[in-house]
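The structure under discussion appears below in the form of structure tokens.
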Amino acid sequence: MSSTVPAAPESVFTYGAPQLKFGSGASDEIGYDLSRLGVRRVLVVTDPGVAATGLPQRVADQMERFGIEARVYDGVHVEPTDVSLTRAIEDARSSGPWDAFVAVGGGSSIDTAKAIDLLTTNPGELMDYVNVPVGKGQAPSEPLKPLVAVPTTTGTGSESTTICVMDVISQRVKTGISHARLRPTLAVIDPDLTLTQPPGVTAASGMDILCHALESYTARWYTTYDRKTPEQRVPYCGSNPISDMWSEKALTLLAGSFRRAVRHGDDVRARADMAMAATFAGMGFGNAGVHVPHANAYPIAGQVKGFHPKDYPGDEPMVPHGMSVALTAPEAFRFTFEASPERHVRAAKLLAPNAGEPENAAEFLPTVLTDLMRDIDMPNGIAAVGFDDGDVPDLVAGTMKQQRLLATCPREVTEDDVAGIFRRSMSLW
Ligand SMILES: NC(=O)c1ccc[n+]([C@@H]2O[C@H](COP(=O)([O-])OP(=O)(O)OC[C@H]3O[C@@H](n4cnc5c(N)ncnc54)[C@H](O)[C@@H]3O)[C@@H](O)[C@H]2O)c1
Ligand SMILES: [Zn+2]
Numbered sequence: 530m531s532s533t534v535p536a537a538p539e540s541v542f543t544y545g546a547p548q549l550k551f552g553s554g555a556s557d558e559i560g561y562d563l564s565r566l567g568v569r570r571v572l573v574v575t576d577p578g579v580a581a582t583g584l585p586q587r588v589a590d591q592m593e594r595f596g597i598e599a600r601v602y603d604g605v606h607v608e609p610t611d612v613s614l615t616r617a618i619e620d621a622r623s624s625g626p627w628d629a630f631v632a633v634g635g636g637s638s639i640d641t642a643k644a645i646d647l648l649t650t651n652p653g654e655l656m657d658y659v660n661v662p663v664g665k666g667q668a669p670s671e672p673l674k675p676l677v678a679v680p681t682t683t684g685t686g687s688e689s690t691t692i693c694v695m696d697v698i699s700q701r702v703k704t705g706i707s708h709a710r711l712r713p714t715l716a717v718i719d720p721d722l723t724l725t726q727p728p729g730v731t732a733a734s735g736m737d738i739l740c741h742a743l744e745s746y747t748a749r750w751y752t753t754y755d756r757k758t759p760e761q762r763v764p765y766c767g768s769n770p771i772s773d774m775w776s777e778k779a780l781t782l783l784a785g786s787f788r789r790a791v792r793h794g795d796d797v798r799a800r801a802d803m804a805m806a807a808t809f810a811g812m813g814f815g816n817a818g819v820h821v822p823h824a825n826a827y828p829i830a831g832q833v834k835g836f837h838p839k840d841y842p843g844d845e846p847m848v849p850h851g852m853s854v855a856l857t858a859p860e861a862f863r864f865t866f867e868a869s870p871e872r873h874v875r876a877a878k879l880l881a882p883n884a885g886e887p888e889n890a891a892e893f894l895p896t897v898l899t900d901l902m903r904d905i906d907m908p909n910g911i912a913a914v915g916f917d918d919g920d921v922p923d924l925v926a927g928t929m930k931q932q933r934l935l936a937t938c939p940r941e942v943t944e945d946d947v948a949g950i951f952r953r954s955m956s957l958w
């Protein structure tokens with residue numbers, strides 16, 4: 530519980546990140562980078578929408594010059610499921626062995642490549658590695674092959690994190706696999722690849738960046754945990770001086786460029802700022818952790834009814850990750866305000882440097898957030914994506930299963946607290 534002072538407070542925080550290559554043209558160097566690793570056969574992993582832009586094939590084509598054979602797998606499911614991941618793993622197992630993997634796409638493609646890498650280098654099945662209680666939570670026994678992650682959205686930060694997120698269809702839950710070995714070997718962030726992102730994807734994935742930055746910035750401070758032994762250390766250690774730095778800088782970049790990137794997708798400068806913000810926020814949350822908005826996002830996405838967002842493929846019901854995170858964020862930050870008022874106010878100022886501070890400081894961040902969400906055409910609350918008060922008990926039950934995330938909340942969170950956050954998030958403005 531965060532309100533009690535631990536008998537032996539933690540005094541150590543950790544920071545992990547992949548090697549990184551950032552900038553216009555960076556994706557033209559992947560063939561060279563892989564040739565340095567002695568790689569001969571590479572599987573390029575992507576989804577059909579990104580494949581249609583020609584970017585994954587362009588990445589595959591440059592391998593030839595270095596004597597590397599590359600094949601494109603374009604069967605990634607947007608927002609992966611246990612079924613789509615298993616299909617991708619079977620495909621890779623039967624066409625392997627592979628020396629390395631290159632994910633070209635958003636979080637869906639990068640997470641699918643993480644699962645393929647894990648299950649083509651380690652024995653067993655997907656569910657053996659999925660977090661407890663949904664899966665067996667086993668740790669990989671063998672090292673993974675190099676994974677180069679090349680994001681084409683500006684959002685998840687999956688290129689620098691140790692997690693792979695999925696829907697487990699039979700149990701109607703969203704969960705994941707989390708282990709340090711899943712972190713990509715190299716993240717190649719080339720803002721030029723993000724220019725074709727449709728506005729709806731830019732808006733939803735941008736809200737993911739924003740919530741990563743805000744949640745890790747307001748996360749429980751690392752010294753308020755009990756002291757861990759080395760073998761107890763997990764990738765998420767609570768907010769700390771290094772993650773704070775990344776989160777603050779991400780907020781400043783978002784303040785300058787988020788609205789512009791949604792409205793003027795061809796604005797190269799805005800796209801580059803968004804790509805950098807996603808990377809910075811990924812470095813922050815990938816070490817500090819996220820809390821209530823992300824915990825609530827799991828049941829919102831997992832229990833979706835009829836909603837299908839603009840600019841996403843097909844017509845199956847879905848609430849994209851960034852949207853599902855954003856919809857309860859204003860209320861969640863009203864709830865966490867009292868744990869660290871100065872952090873909430875500072876975050877709002879970074880995000881809206883020209884806005885006047887309201888009399889009630891607790892309203893500052895929620896107001897800045899809802900103003901932004903309205904401007905970029907986010908749905909007005911969870912009612913707008915199909916939920917009503919009768920759904921709250923099921924949503925709460927889904928959130929309470931995310932104890933790993935709730936443990937990062939700067940205040941203790943009860944079922945009643947979560948129910949209140951959902952009820953007040955039915956409509957936001
Ligand atoms: N592993 C992590 O650390 C982490 C963190 C947050 C979210 N996630 C997961 O990532 C997934 C969401 O990823 P996302 O928001 O990056 O989007 P995405 O990968 O789901 O892609 C969204 C849509 O945008 C299209 N698209 C992507 N880039 C494009 C481009 N440049 N041009 C044209 N179309 C493009 C795709 O074809 C797809 O239809 C969710 O499954 C979420 O749970 C993972
Ligand atoms: Zn996220």
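Quick note: the sequence shown uses our numbering, first residue 530, plus one each step. By construction, the Cβ of each residue, glycine as well, lies at the ideal position given by its N, Cα and C atoms.
Bridge partners - residue i, DSSP secondary structure assignment
i, result
"residue 548", "715"
"residue 971", "Nothing in the structure corresponds to residue 971, since the chain is present only between 530 and 958."
"residue 598", "570"
"residue 705", "694"
"residue 538", "755"
"residue 641", "DSSP lists no partner for residue 641."
Per-residue DSSP class, three states only, for residue i
i, result
"residue 531", "Model confidence at residue 531 stands at a pLDDT of 46, short of 50, so the residue's coordinates are unreliable; what they give is reported in the following sentence. Residue 531 falls in the coil class under three-state DSSP."
"residue 603", "coil"
"residue 856", "coil"
"residue 695", "strand"
"residue 755", "strand"
"residue 676", "strand"
"residue 632", "strand"
"residue 610", "strand"
"residue 740", "helix"
"residue 941", "coil"
"residue 723", "helix"
"residue 954", "coil"
"residue 733", "helix"
"residue 936", "coil"
"residue 823", "helix"
"residue 886", "coil"
"residue 914", "helix"
"residue 627", "coil"
"residue 710", "helix"
"residue 762", "coil"
"residue 682", "coil"
"residue 845", "coil"
"residue 907", "coil"
Nonlocal neighbours in the same chain, by C-beta distance under 6 angstroms from residue i, ignoring five residues either side
i, result
"residue 947", "925 and 928"
"residue 769", "542 and 751"
"residue 549", "716"
"residue 905", "732 and 791"
"residue 796", "789"
"residue 530", "Because the pLDDT of residue 530 is 41, which lies under 50, any placement of that residue in the model is unreliable, and the number read from its coordinates should be weighed accordingly. The answer, listed in chain order, is 941."
"residue 787", "735"
"residue 627", "570 and 572"
Range covered by the alpha helix (DSSP H) that runs through residue i
i, result
"residue 578", "577-580"
"residue 929", "921-929"
"residue 809", "797-817"
"residue 902", "893-904"
"residue 665", "Taken as a continuous stretch (DSSP letters only), residue 665 belongs to no alpha helix (DSSP H), as it is neither H nor E."
"residue 834", "Run containing residue 834: none; DSSP gives neither H nor E here."
"residue 793", "Here residue 793 belongs to no alpha helix (DSSP H), and DSSP marks it neither H nor E."
"residue 877", "870-880"
"residue 588", "584-590"
Host beta strand (DSSP E) of residue i (start-end)
i, result
"residue 653", "No beta strand (DSSP E) contains residue 653, which DSSP labels as neither H nor E."
"residue 560", "First-last for residue 560: 559-564, but that is the alpha helix (DSSP H), not the beta strand (DSSP E)."
7 angstroms CB neighbourhood of residue i in its chain, flanking five on each side removed
i, result
"residue 839", "729"
"residue 745", "768, 772, 776, 813, 814, 817, 818 and 819"
"residue 826", "850, 853 and 854"
"residue 663", "697, 700, 702 and 704"
"residue 556", "588, 679, 717, 719 and 722"
"residue 579", "585, 633, 634, 638 and 681"
"residue 910", "856, 954, 955, 956 and 957"
Other residues of its chain near residue i: CB distance less than 8 angstroms, five sequence neighbours each side excluded
i, result
"residue 696", "608, 609, 610, 611, 702, 703, 830 and 831"
"residue 754", "535, 538, 539, 766 and 767"
"residue 944", "925 and 929"
**Asked** Taking three-plus beta-carbon pairs below 8 angstroms as touching, is the segment 604-622 in contact with the segment 542-561?
**Response** no
**Segment contact, 8 angstroms Cβ cut-off, at least three pairs: the segment 847-854 with the segment 728-739** = Yes: the two stretches touch, three or more of their Cβ pairs being nearer than 8 angstroms.
**Request:** Say whether the segment 755-764 touches the segment 880-892, bearing in mind that this needs 3 or more beta-carbon pairs closer than 8 angstroms, one atom from each stretch.
**Result:** no
**Message:** Can you confirm whether the segment 855-868 touches the segment 886-895 when touching is taken to mean that 3 or more C-beta pairs between the two stretches lie within less than 8 angstroms?
**Reply:** yes
**Asked** How about the segment 629-643 and the segment 565-579: do they share at least three Cβ pairs that are nearer than 8 angstroms?
**Response** yes
**Message:** With three or more C-beta pairs closer than 8 angstroms as the rule, is the segment 614-622 touching the segment 669-685?
**Reply:** no
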